[in-house]
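First residue of the sequence shown? That's 11 in this note's numbering, and the numbers climb one at a time after it.
Even glycine gets a Cβ: it sits at the ideal position worked out from N, Cα and C.
Since the structure is predicted, the reported quantities are computational estimates derived from the model, not experimental observations.
Take a look at the structure below.
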Amino acid sequence: MPKNTYISELKEREGKEVTLAGWLYNSRASGKIQFLILRDGTGLCQCVVEKGNVTDGLFGQLKHLGQESSLTITGTVRADERSVGGYELAVTDAKIISPADGYPITPKSHGIDFLLKHRHLHFRSQQQWCIGKVRHTVVNAIRSFFNDNGFVLIDTPILAATAGEEEQTLFEVDYFGAPLYLTQTGQLHLESAAMSFGKVYCFGPTFRAERSKTRRHLTEFWMVEPEVAFIDLDGLLELAENFVSFIVAQVLQNNKNELVTLEAGITSLEKIKPPFYRLTYTEVVDILTSQRTRDFLNQQLKELQIQKQQLETRISELEKQQAGQIKQWQKDKIAAELIELRTVLTETNTKIENNPKHAELAAGFQWGKDLGGSDETIISQMHDKPVFVTHYPKEAKAFYMKADRDNKKVVLNFDLLAPAGFGEIIGGSMREDDHDLLVARIGEQGLAVENYEWYLDLRKYGSVPHGGFGLGVERTIAWLTAQKHIRQCIPFPRMMDKVYI
Ligand code: 4AD
Numbered sequence: 011m012p013k014n015t016y017i018s019e020l021k022e023r024e025g026k027e028v029t030l031a032g033w034l035y036n037s038r039a040s041g042k043i044q045f046l047i048l049r050d051g052t053g054l055c056q057c058v059v060e061k062g063n064v065t066d067g068l069f070g071q072l073k074h075l076g077q078e079s080s081l082t083i084t085g086t087v088r089a090d091e092r093s094v095g096g097y098e099l100a101v102t103d104a105k106i107i108s109p110a111d112g113y114p115i116t117p118k119s120h121g122i123d124f125l126l127k128h129r130h131l132h133f134r135s136q137q138q139w140c141i142g143k144v145r146h147t148v149v150n151a152i153r154s155f156f157n158d159n160g161f162v163l164i165d166t167p168i169l170a171a172t173a174g175e176e177e178q179t180l181f182e183v184d185y186f187g188a189p190l191y192l193t194q195t196g197q198l199h200l201e202s203a204a205m206s207f208g209k210v211y212c213f214g215p216t217f218r219a220e221r222s223k224t225r226r227h228l229t230e231f232w233m234v235e236p237e238v239a240f241i242d243l244d245g246l247l248e249l250a251e252n253f254v255s256f257i258v259a260q261v262l263q264n265n266k267n268e269l270v271t272l273e274a275g276i277t278s279l280e281k282i283k284p285p286f287y288r289l290t291y292t293e294v295v296d297i298l299t300s301q302r303t304r305d306f307l308n309q310q311l312k313e314l315q316i317q318k319q320q321l322e323t324r325i326s327e328l329e330k331q332q333a334g335q336i337k338q339w340q341k342d343k344i345a346a347e348l349i350e351l352r353t354v355l356t357e358t359n360t361k362i363e364n365n366p367k368h369a370e371l372a373a374g375f376q377w378g379k380d381l382g383g384s385d386e387t388i389i390s391q392m393h394d395k396p397v398f399v400t401h402y403p404k405e406a407k408a409f410y411m412k413a414d415r416d417n418k419k420v421v422l423n424f425d426l427l428a429p430a431g432f433g434e435i436i437g438g439s440m441r442e443d444d445h446d447l448l449v450a451r452i453g454e455q456g457l458a459v460e461n462y463e464w465y466l467d468l469r470k471y472g473s474v475p476h477g478g479f480g481l482g483v484e485r486t487i488a489w490l491t492a493q494k495h496i497r498q499c500i501p502f503p504r505m506m507d508k509v510y511i
């Protein structure tokens with residue numbers, strides 16, 4: 011069997027005859043010519059079939075071939091700027107491998123529920139393909155960054171005996187009649203490894219029984235966590251900003267085309283270089299309760315109202331066109347645009363509704379509370395680069411965070427907020443390294459000290475200042491690819507209210 015060519019290799023084969031193998035992504039015919047868009051996993055290619063260049067029988071078969079049929083297509087490669095990918099095929103032959111009829115996901119738009127139910131097929135869409143390629147780069151960049159900077163990979167257990175974060179979000183597993191939990195974080199085990207290897211990281215799935223249906227929450231998500239012995243908070247921030255900047259640079263280097271297709275903001279990503287903004291929690295509270303924030307939110311409300319008006323005008327224009335005498339393909343095109351516009355209108359309405367609530371929450375924010383999703387969004391929208399928020403109140407944070415020795419009310423921690431409203435992508439801290447203070451914190455948080463004996467041992471035998479952080483992979487991808495909901499950024503999402511397939 012002659013070797014097939016991948017679409018990504020076409021630029022090296024101009025003028026040559028090649029055979030592509032893939033699936034029919036889309037097609038249209040006009041009289042004696044057909045345009046078949048083939049996808050093969052490496053890209054899309056327009057294949058031009060002219061009557062007379064193939065047998066009449068084949069011409070007829072191709073004309074009626076359904077979307078997502080699998081086939082091989084042979085032809086000569088020619089450059090064409092107008093074509094997807096810049097090259098097209100002048101077809102001389104084709105072989106249908108498996109014809110498909112009635113593929114459920116048509117080029118028309120579908121609602122998100124429908125698409126999630128069909129994720130096993132929706133994977134083939136340009137959107138999912140582009141996000142998948144970016145995810146691949148992000149995962150690769152994560153591994154490269156740590157491997158190239160002297161970190162040792164430690165695989166921490168998925169079945170954990172104790173809570174690493176809040177107990178309320180533990181998923182319990184029946185482990186031979188006794189309870190165990192799906193891990194919320196590899197951090198505690200990683201701290202033990204840091205005392206052996208110095209610089210370590212773990213990377214895997216984590217689980218949180220979050221009773222939260224927001225666009226930022228999954229019950230199963232991927233997190234990478236570095237942990238470093240002999241580091242301080244400044245050192246951690248530096249590590250985090252270099253790490254995030256490296257991921258962004260890798261995505262810009264490898265996935266420009268995907269970012270363009272997804273309409274992600276390439277220019278804003280190009281700005282993501284150290285240093286990032288640094289604010290303390292107390293400074294953030296001052297910002298949230300300031301006139302500046304009130305003005306910012308008022309301005310945002312005005313812009314949303316204008317956007318709403320524009321959307322409504324466009325929708326009614328399209329509805330009129332749809333009711334007129336037009337061709338079926340035009341009707342389909344309008345129907346697709348309407349679905350999209352109505353979704354954006356619903357989202358805009360929700361934002362308009364939420365704006366005063368968020369303004370009220372921000373204005374009344376009391377020092378001591380954890381920042382809510384809307385507070386993070388406001389701070390993140392006010393900045394064009396990621397923002398570190400450090401030194402949160404002790405009460406609002408996990409038991410393991412180290413108390414600031416100069417101000418015992420706060421801990422030496424940070425969250426990193428991605429810009430443009432995407433919100434928190436990293437949470438991290440210095441760890442309490444004093445045995446007795448840690449015992450006290452465990453008690454204060456109502457946790458059973460005996461469950462943490464082994465963890466406390468790390469403070470008995472050569473305790474050192476150490477810290478680390480966790481970066482949420484899906485939230486990072488959502489920011490880079492400008493996806494509103496992180497469920498688009500994991501192949502098969504698990505959410506509180508729904509697991510589709
Ligand atoms: O801030 P978190 O809870 O931090 C930890 O788990 C620490 N133990 C990490 C460490 O210091 N080693 O979570 C870290 C990140 C968040 O910033 C967010 O990006 C992501 O994990 N994350 C979630 N992503 C999706 N769905 C959820 N339910 C998430 N919860 C946290």
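Are there 16 or more other CB atoms within 10 angstroms of the CB of residue i, so buried, or fewer, so exposed?
i	result
residue 56	buried
residue 513	For residue 513 there is no data in the structure shown, the boundaries of the chain being 11 and 511.
residue 478	buried
residue 51	exposed
residue 302	exposed
residue 122	exposed
residue 442	buried
residue 143	buried
residue 170	buried
residue 367	exposed
residue 156	buried
residue 363	exposed
residue 410	buried
residue 152	buried
residue 274	buried
residue 315	exposed
residue 375	buried
residue 509	exposed
residue 277	exposed
residue 498	buried
By the three-class DSSP mapping on this structure, what secondary structure does residue i have?
i	result
residue 366	helix
residue 198	helix
residue 271	helix
residue 76	coil
residue 417	strand
residue 492	coil
residue 407	coil
residue 231	strand
residue 266	helix
residue 379	strand
residue 500	coil
residue 85	strand
Could you tell me the boundaries of the beta strand (DSSP E) in which residue i lies?
i	result
residue 44	43 to 49
residue 242	Residue 242 -> no beta strand (DSSP E), and no H or E assigned at all.
residue 433	433 to 440
residue 427	423 to 428
residue 38	27 to 40
residue 9	Nothing can be reported for residue 9: it is not among the residues displayed for the chain, which extend from 11 to 511.
residue 400	397 to 400
Rounded to the nearest angstrom, what separates residue i and residue j at their Cα positions?
i	j	result
residue 116	residue 48	15 Å
residue 252	residue 94	35 Å
residue 41	residue 69	11 Å
residue 209	residue 237	6 Å
residue 421	residue 185	35 Å
residue 86	residue 53	17 Å
residue 248	residue 74	58 Å
residue 246	residue 224	29 Å
residue 438	residue 96	45 Å
residue 313	residue 345	26 Å
residue 358	residue 305	19 Å
residue 83	residue 482	41 Å
residue 88	residue 35	20 Å
residue 146	residue 335	46 Å
residue 125	residue 131	8 Å
residue 113	residue 77	6 Å
The alpha helix (DSSP H) with residue i in it runs from where to where?
i	result
residue 69	66 to 73
residue 383	383 to 391
**OP:** With a floor of 3 residues, list each beta strand (DSSP E) that falls wholly inside the region 448 to 482, ordered by position along the chain.
**Re:** 476 to 482
Original post:
Taking only runs of the beta strand (DSSP E) that begin and end inside the region 280 to 353, which ones reach a length of at least 3 residues, in chain order?
Top reply: 287 to 290
Original post:
Whole alpha helix (DSSP H) runs in the region 104 to 146 with 4 or more residues, listed along the chain?
Top reply: Along the length of the region 104 to 146, whole alpha helix (DSSP H) runs at least 4 residues long occupy 122 to 127 and 129 to 132, reported in chain order.
Subject >> Those runs of the alpha helix (DSSP H) which lie wholly inside the region 162 to 226 and span at least 4 residues >> reply: 197 to 207
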